[in-house]
Structure formats: structure tokens, C-alpha cells
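So this is what it looks like as C-alpha cells:
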């Protein structure tokens, strides 16, 4: 009598389990690879140069010198020279930040406190601390192989002003035209999807009037001394010893309150709504391909 041999199916189960494991691992890997490509596409190269930082004002029709806004912190105007760098075309979205939060086991802001209709994947992420915002930019830099960070105030303003132009708003024409190049009265109480309005002449969107954006710097008073690539990473002024600076003027305020010269002081642990992220890549040439990290 022949004995029927029962096949050993356990190796197959092992292979099947391995396949499921590989698929599970591939899902975030594929998403991260897509994020890397989006990051490359999102970078706008900003050629370095020298500009006058602060509220440079304008000459009115009567030949009189006027200032753009009432913010005393935007004075005195001073000379700044910057090296070339790249900056995000769009503010960081919930979709991209949520992926970072998932991969690094952080809280996902869109699940924490925001209204669902304003936390869609293409809306600017909001309510992230300065520390977590910087961690995102630096992590993203590790993914693409280039040093990334939050922009300094000087980098932020230079890009918003399209390499130092004397304009009040980071819109396509430097003007405030509600409903055409910036939100109108019906839209000011909530954020809009990134890229809802035309970019400034450098091709950068939403540096006026969507969310405030963290900068790298601790708050500091301006002075009139020329500066090269200024970075204010050390607390020197006790009056604002625990405050970072946000730029971009957010979404609420009159014309004078949302000029690109407005400097807002925020505690770095602030998780309030209306504060978002824009990253820079500190590399002197345009970035078009990924670079292997050591």
C-alpha cells in the first residue's frame, strides 16, 4: 500500500508572511519616494545677492517717502548679503507632514484639533511647534541628501520680495488685490489650499496671507550694520528670550498688518492654528536630483 505524502505547506506560509511583510514595508517606502520627488519639484532656486532688509518703503505720487506698514520692528533698514539657496514653492501640506509624523511616530496635527474641511491633504499644515517644524525640514533634507532647515528671516524676506524688490506683498505684482491674488473678505477666516493664488515673480506661492511661517531665528532687534548670511540661533535679548519669529502675516488683518515686513514673536512651543512651515535647502546650486547620503 502506497503512503500518500502530505506536502509541507509551512514554507509557503512563511513565504506568504514574508510577502505581506514586504508589502507593508513597501507602502511607506513608496510614499517616501514620492515625497522625495515632490520635494525636488517644490524647490525654487534663489540666487544670492545683496539687498536692503526691512521696510524700505516707497515714494508716493507726490514724491514723498512712505513706509509700507506700521511695524516698528521692521526698522532700521539694513544691508544683508546672502548666499544662494533654494526655498519651497509651497507651504508644507498636511499630507506631507502627516507622512513624516507617521514614519517618525509623532502626533499627526490633522487628527488633533483642526476642522476637517481645512485639514485636507493639500492644505498647509498648521499647529506644529517650531521644534517639530525644524525637525521636519531637517528630516526631509536627509531624505534627499542636502542640508535643509527653516529659513532665516533674511532668507524668508529676500525670497518673498523676489530677491529684494521694494514691494509690500509677496503677490504676483506686489499689490493687494482680494479675490485675484489674495483671499477676499469671505475667505480670511480659514486657510486655503496651497497655491490657490498666483505666485510672486520668483514662482513662490502664499508668502503673503495664508499661514504665518516659522523662521529659524530667535527674535532680535534690527540694527543698521551690514550682515552676511545672518543667523540668530542664540538668545541674546531677554525681553524676547523665549520667542522665535514667524513671517507671512497669516490670514487675518488689514493691508498694513499683512505686509511681508511684519515680524511676529511666538514661543517655539506654540501649537496654535495659523502657523505653518516652509523649508529651505542650503545648497549654492539648483537641486534637481537626489543625492546619496553617506
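Numbering (this note's numbering), first residue to last: 201 to 494.
Even for Gly, the Cβ is constructed at its ideal location relative to N, Cα and C.
Taking only the alpha-carbon atoms, compute the straight-line gap between residue i and residue j and give it to the nearest angstrom.
{"i": "residue 444", "j": "residue 433", "result": "10 Å"}
{"i": "residue 425", "j": "residue 307", "result": "42 Å"}
{"i": "residue 255", "j": "residue 430", "result": "17 Å"}
{"i": "residue 366", "j": "residue 467", "result": "30 Å"}
{"i": "residue 290", "j": "residue 478", "result": "7 Å"}
{"i": "residue 345", "j": "residue 273", "result": "36 Å"}
{"i": "residue 475", "j": "residue 326", "result": "5 Å"}
{"i": "residue 342", "j": "residue 239", "result": "12 Å"}
{"i": "residue 287", "j": "residue 259", "result": "30 Å"}
{"i": "residue 446", "j": "residue 230", "result": "33 Å"}
{"i": "residue 376", "j": "residue 492", "result": "43 Å"}
{"i": "residue 285", "j": "residue 233", "result": "23 Å"}
{"i": "residue 419", "j": "residue 303", "result": "32 Å"}
{"i": "residue 378", "j": "residue 406", "result": "13 Å"}
{"i": "residue 358", "j": "residue 280", "result": "9 Å"}
{"i": "residue 496", "j": "residue 383", "result": "The displayed coordinates of the chain run from 201 to 494. Any statement about residue 496 would go beyond what the structure contains."}
{"i": "residue 324", "j": "residue 458", "result": "18 Å"}
{"i": "residue 489", "j": "residue 347", "result": "14 Å"}
{"i": "residue 370", "j": "residue 412", "result": "13 Å"}
Using a 10 Å radius around the Cβ and a threshold of 16 neighbouring Cβ atoms, would you call residue i buried or exposed?
{"i": "residue 449", "result": "buried"}
{"i": "residue 472", "result": "exposed"}
{"i": "residue 373", "result": "exposed"}
{"i": "residue 442", "result": "exposed"}
{"i": "residue 381", "result": "buried"}
{"i": "residue 352", "result": "buried"}
{"i": "residue 225", "result": "Confidence is the limiting factor: at residue 225 the pLDDT is only 42, short of 50, which leaves the residue's position unreliable and the question unanswerable from this model."}
Is residue i close to chain B? Criterion is C-beta to C-beta, closer than 9 Å.
{"i": "residue 336", "result": "Of the chains in the structure shown, none is chain B; there is only one protein chain."}
Give me the Cβ distance between residue i and residue j, rounded to the nearest whole Å; I'm assuming they're in contact under 8 Å.
{"i": "residue 282", "j": "residue 349", "result": "Contact doesn't hold; Cβ gap of about 14 Å is too wide."}
{"i": "residue 462", "j": "residue 269", "result": "6 Å"}
Give the range of the alpha helix (DSSP H) segment to which residue i is assigned.
{"i": "residue 303", "result": "294-303"}
{"i": "residue 461", "result": "Note, residue 461: premise wrong, no alpha helix (DSSP H); not H, not E."}
{"i": "residue 331", "result": "330-344"}
What are the start and end residues of the beta strand (DSSP E) that includes residue i?
{"i": "residue 249", "result": "249-253"}
{"i": "residue 243", "result": "243-246"}
For the segment 330-339 against the segment 391-403, do three or more pairs of beta-carbon atoms, one drawn from each stretch, fall closer than 8 Å, so that the two count as touching? no
Check whether the segment 283-298 and the segment 390-399 are in contact - that is, three or more C-beta pairs closer than 8 Å. yes
Below 8 Å, how does it come out for the segment 228-243 and the segment 259-273: are there three or more Cβ pairs, yes or no? no
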